[in-house]
Amino acid sequence: MIAPGTLSVPGRVSPRRPDPGRRKTSLPRRNPHLNQNAWNNLEKYCRSLTKHNKNVYVCTGPLFLPRMEADGKMYVKYQVIGKNHVAVPTHFFKVLILERPGGEIELRSYVMPNCPVDEKLPLERFLVPIESIERASGLLFVPNILKRTSNLKAITAG
Numbered sequence: 136m137i138a139p140g141t142l143s144v145p146g147r148v149s150p151r152r153p154d155p156g157r158r159k160t161s162l163p164r165r166n167p168h169l170n171q172n173a174w175n176n177l178e179k180y181c182r183s184l185t186k187h188n189k190n191v192y193v194c195t196g197p198l199f200l201p202r203m204e205a206d207g208k209m210y211v212k213y214q215v216i217g218k219n220h221v222a223v224p225t226h227f228f229k230v231l232i233l234e235r236p237g238g239e240i241e242l243r244s245y246v247m248p249n250c251p252v253d254e255k256l257p258l259e260r261f262l263v264p265i266e267s268i269e270r271a272s273g274l275l276f277v278p279n280i281l282k283r284t285s286n287l288k289a290i291t292a293g
């Protein structure tokens with residue numbers, strides 16, 4: 136089963152202004168197990184970071200990543216649903232840009248597969264180099280951050 140997901144946190148938008156991240160046309164399809172467990176843990180972690188940082192910026196989106204098939208070749212393969220053939224992402228990313236009280240900028244980037252994930256896995260397991268998200272999504276984070284500061288610290292797994 137695939138459920139609609141959102142790219143914004145429910146209840147964080149003014150009731151007078153509709154949230155563009157919650158329109159039906161922009162709802163990525165997310166595995167319900169991922170929604171309720173590992174992804175939810177990442178969302179809670181993001182909110183907790185606001186207590187200790189001057190600013191926290193979050194960018195979230197879908198990814199369609201290749202995987203190795205039985206013939207040894209890499210393929211991008213994903214499900215489509217509904218009469219309009221809505222593409223179901225294979226993965227989701229979340230990039231966190233933290234502005235520390237001292238001015239240091241910290242970058243954390245996560246990728247989770249759109250399938251059931253053991254909620255007991257530590258979030259660090261999903262940390263990836265930002266370049267992998269930039270390459271797969273076509274978005275550029277680091278060059279734009281470096282326009283503002285040369286004090287960038289990227290947090291990766293390991």
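So the mapping is simple: this note's numbering equals the position in the sequence shown, first residue as 1, plus 135. The C-beta atom is built at its ideal place from N, Cα and C for all residues, glycine as well. This structure is a prediction, so every number in the text was calculated from the model and none was measured.
In this structure, DSSP gives proline 257 a state outside helix and strand, which the three-state scheme calls coil. About 6 angstroms separates the beta carbons of phenylalanine 199 and proline 224, which is inside the 8 angstroms limit, making them a contact pair. Going by C-alpha positions, glutamate 241 is about 43 angstroms away from lysine 218.
Looking at the DSSP output, threonine 195 shares a beta bridge with Lys229. Closest option to valine 193, judged by alpha-carbon separation, among Lys179, Ala205 and Glu204: Lys179. Across the structure, phenylalanine 228 and asparagine 188 are spaced so that their CA atoms are roughly 21 angstroms apart.
By the Cβ criterion, the region 275 to 291 is in contact with the region 238 to 253, since at least three pairs of Cβ atoms, one from each stretch, lie closer than 8 angstroms. Here DSSP, grouped into helix, strand and coil, assigns leucine 177 to helix.
Apart from sequence neighbours up to five positions away, the residues of its chain that approach isoleucine 232 with a beta-carbon distance below 7 angstroms are Tyr192, Ile240, Leu242 and Ile280, ordered along the chain. CA-CA distance, valine 263 to glutamate 269, rounds to 11 angstroms. Around the C-beta of proline 251, fewer than 16 other C-beta atoms lie within 10 Å, and the residue is accordingly described as exposed. Shown here, asparagine 279 sits in a helix according to DSSP, grouped into three states. Judged by beta-carbon spacing, lysine 186 lies beyond the 9 angstroms limit of arginine 202, meaning their Cβ atoms are not closer than that value. Comparing alpha-carbon positions, the option among Ala292, Trp174 and Asp206 lying closest to histidine 226 turns out to be Trp174.
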